[in-house]
Amino acid sequence: MTNRKSAALTTAASPAAKRPGRPRGAATQSPPTAEALLTRCIKCGSTERTAYRRTTETAHHGTKHGEPYTHIIRRWTSCAACGQHRVDMSHENRVSG
Ligand SMILES: [Zn+2]
104 MTNRKSAALT TAASPAAKRP GRPRGAATQS PPTAEALLTR CIKCGSTERT
154 AYRRTTETAH HGTKHGEPYT HIIRRWTSCA ACGQHRVDMS HENRVSG
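Adding 103 to a residue's 1-based position in the sequence shown gives its number in the working numbering.
1) Measuring CA to CA, which of His174, Arg152, Thr136, Arg177 is closest to Cys185?
2) Rounded to the nearest angstrom, how far is the Cβ of Cys144 from that of Arg189, given a contact under 8 Å?
3) Using a threshold of 9 Å, state whether the C-beta atoms of Ser133 and Cys182 are closer than that.
4) If you draw a straight line from the C-alpha of His194 to the C-alpha of Ala162, how long is it?
5) Give the straight-line distance between the Cα atoms of Arg156 and Glu138, rounded to the nearest whole angstrom.
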């Protein structure tokens, strides 16, 4: 992997990619919602947490539960109930371009 230490990104950062837009005259539609799982404290089971202190994403190809992914996202947080620190990790399968 040539991907050196991945840049720490703020969650608000979004690439200024060209926008897909909608066909002229088409009605605005809200896309369906796909829910991401709540993360949970490994120690006490609480889902209450502090704001993420740091988020990094790493370009890494692999498979998770048989599904391919292209990026691993890690978010540093701690449990609001017991103070246990943890890293919430998620996998994303992104198309390039
Ligand atoms: Zn906890």
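Ideal Cβ positions, reconstructed from N, Cα and C, are used throughout, including at glycine.
Working from what's here:
1) Answer by Cα proximity: Arg152.
2) 7 Å
3) no
4) 10 Å
5) 22 Å
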